[in-house]
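Every number in the numbering used here is 1313 more than the matching position in the sequence shown, counting from 1.
In this text, a Cβ means the ideal position worked out from N, Cα and C, and glycines have one as well.
All figures in this text were calculated on a predicted structure; none of them were measured in a lab.
Heads up, the thing below is written out as structure tokens.
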Amino acid sequence: MRKLIVIAGIPIDDLNMDQALDRLGEFIATGRPHQIATVNADFIVRAWDDPELRHILQDADLLTADGMPLVWGARLLGVPLEGRVTGADMVPALAERAARQGWRIYFLGARPGVAARAAEILTTRHPTLQVAGVYSPPLSTIFDMEPDLLDRIRQTRPDILLVAFGNPKQEKWIHMHLQELGVPVCIGIGGTFDFIAGEVRRAPPWMQTSGLEWLYRLLQEPRRMWRRYVVDIFQFGRFFLAQWVRQAGGRKFEPLTLPEKAANGTPASAPLRLSGALTVANRENFQKQIEIALAQTPSLSLDLSGVTFMDSASLGALVALSKAARAAGGDLVLTHLQPNVRRSIELLRLDRFFNLGEAPEPHTEALGVASPAGAWKVYRMPPRLEVTNAQAIRAALESEVAASPRLIADFHQTEFLDSSGIAVMLATHRQAASKGGELRQAGLGRDLRRTLELAGMHHVFHLYENLESASQTPFSPPPTERSSP
């Protein structure tokens, strides 16, 4: 099971380069698609403000520490990482292993010619490397990329897909199409092709190991990099400091007591009650014992009323255990959290990731049912509009618009929206407009509005505070063009 450390809300895998490559080999052996990201301070800062990116990173299959601030942060929290695994180091090392193992790599993204040059250099170093394909698509949003791009990649049957669209576009695109692509290893690699191709020089090794690589890059490209390396580092420091103040002293607390049922592997029909402090000192034993219990039953409830403290390593263990339970069709439910433990989880924005045993508010209206509101029909949106249900929702909305092109999508019960969901709304928006109607969105919460703002869709969609304003605001059909006399 994964060994994770939560840093500023993002669960980072605690491993070195060889271990990371071994993990990628395991992913390829399964044949199932996996999303991988190499995380630096810029990722953390963006994820703090971007609900979709935060969800993607918390849900990813492997996250390595790309930036030295994460390495330093883990050390300050008392849970030092095995090592720094950057995208710029991982891709050449992965190419070497791929050449030995016969894995096929697809190079996607970067400016025209850069990915091809990077592939050429790597095949020169490793003549047996199999390049499945190379392509740099025209610049566009993830909602308007070439429709045949997925087919182009799938036809080459790669084992590894390297995506160089930049963060967060590459992470959102991978998450949006991961299952459709079916590629076992999909990695967002940012500017790694530029490094390999020699378009951008990398800092000398002594600057990399001393944490001064950011200064070298800043001096190379001051206009492009100043915000990332100056502003973002202060933002990351602010987020990290809040975590450090709450968690750095946890090693002084009383030891953890595990329930006997967890220790002997007996399935728990009642919650397993833990007491004491969950820290890096007992993380390994705790994670193993709960893993044994989950092997007996994929759904497990942990009563944390006696847990007085959790550090970043123990929170990482709970993230890993929750993922394992969900992968087996169950879940790990955390109940009766003490106020200080709950505040730590909320501070790190893991309260939406964990199942905290709180029953959701009952839906007063049936979801997915279109009801009239004057000249408009109202479609109740689900609690989550994401890649797992996007196509089903799109089919339902298309059917509604075909019958009546004036439609209000009611989001007041929706908590999460990703790029797949936005793509559904954009397609429906265009369909309604083509039929002389309009799609309106009502009742979006703060996180949903922020997701639309970051996608640039708040100026495209018709957003309303509530159903009343959406249904009562007069509708003005777009003017039709008249032919010249």
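For residue i, the residue or residues it bridges with in DSSP
i: residue 1500; result: 1349 and 1475
i: residue 1702; result: DSSP, once it has assigned bridges, lists no residue as partnering residue 1702.
i: residue 1324; result: 1319
i: residue 1697; result: 1729
i: residue 1570; result: 1588
i: residue 1613; result: 1645
Cβ-based burial, residue i [other Cβ within 10 Å; buried from 16]
i: residue 1528; result: exposed
i: residue 1402; result: buried
i: residue 1632; result: buried
i: residue 1355; result: buried
i: residue 1609; result: exposed
i: residue 1699; result: buried
i: residue 1347; result: buried
i: residue 1314; result: exposed
i: residue 1362; result: exposed
i: residue 1785; result: exposed
i: residue 1704; result: exposed
i: residue 1438; result: exposed
i: residue 1492; result: exposed
i: residue 1442; result: buried
i: residue 1328; result: buried
i: residue 1581; result: Here residue 1581 scores only 46 on pLDDT, less than 50, and its place in the model should not be relied on; the value that follows carries that caveat. By the 10 Å Cβ count, residue 1581 comes out buried.
i: residue 1595; result: buried
i: residue 1666; result: buried
i: residue 1522; result: exposed
i: residue 1533; result: exposed
i: residue 1331; result: exposed
i: residue 1687; result: exposed
i: residue 1324; result: buried
For residue i, the three-state DSSP class (helix, strand or coil)
i: residue 1563; result: Any reading at residue 1563 needs caution, since the residue's pLDDT is 46, under 50, leaving its predicted position unreliable; the model's value is listed next. In the structure shown, residue 1563 sits in a helix (DSSP, three-state: H, G or I).
i: residue 1775; result: strand
i: residue 1530; result: helix
i: residue 1689; result: strand
i: residue 1784; result: helix
i: residue 1376; result: strand
i: residue 1281; result: Given that the chain is displayed from residue 1314 to residue 1798, the structure contains no residue 1281 and the question cannot be resolved.
i: residue 1457; result: coil
i: residue 1523; result: coil
i: residue 1620; result: strand
i: residue 1480; result: coil
i: residue 1790; result: coil
i: residue 1765; result: helix
i: residue 1452; result: coil
i: residue 1463; result: helix
i: residue 1390; result: coil
i: residue 1468; result: coil
i: residue 1314; result: coil
i: residue 1748; result: coil
i: residue 1516; result: coil
i: residue 1440; result: coil
i: residue 1395; result: coil
i: residue 1381; result: helix
i: residue 1489; result: helix
i: residue 1713; result: helix
i: residue 1758; result: coil
i: residue 1292; result: Nothing can be reported for residue 1292: it is not among the residues displayed for the chain, which extend from 1314 to 1798.
i: residue 1495; result: coil
Boundaries of the alpha helix (DSSP H) in which residue i is found, first to last residue
i: residue 1636; result: 1625-1640
i: residue 1505; result: 1505-1510
i: residue 1754; result: It is not in any alpha helix (DSSP H) - residue 1754 instead sits in the beta strand (DSSP E) that spans 1751-1755.
i: residue 1401; result: 1400-1414
i: residue 1334; result: 1330-1343
i: residue 1362; result: 1354-1362
i: residue 1667; result: Note, residue 1667: premise wrong, no alpha helix (DSSP H); not H, not E.
i: residue 1604; result: 1596-1609
i: residue 1537; result: 1535-1539
i: residue 1659; result: 1652-1660
i: residue 1543; result: Premise fails: residue 1543 is in no alpha helix (DSSP H) and is neither H nor E.
Enclosing beta strand (DSSP E) for residue i [first to last residue]
i: residue 1588; result: 1585-1591
i: residue 1719; result: 1719-1723
i: residue 1443; result: 1443-1448
i: residue 1421; result: 1417-1422
i: residue 1647; result: 1644-1648
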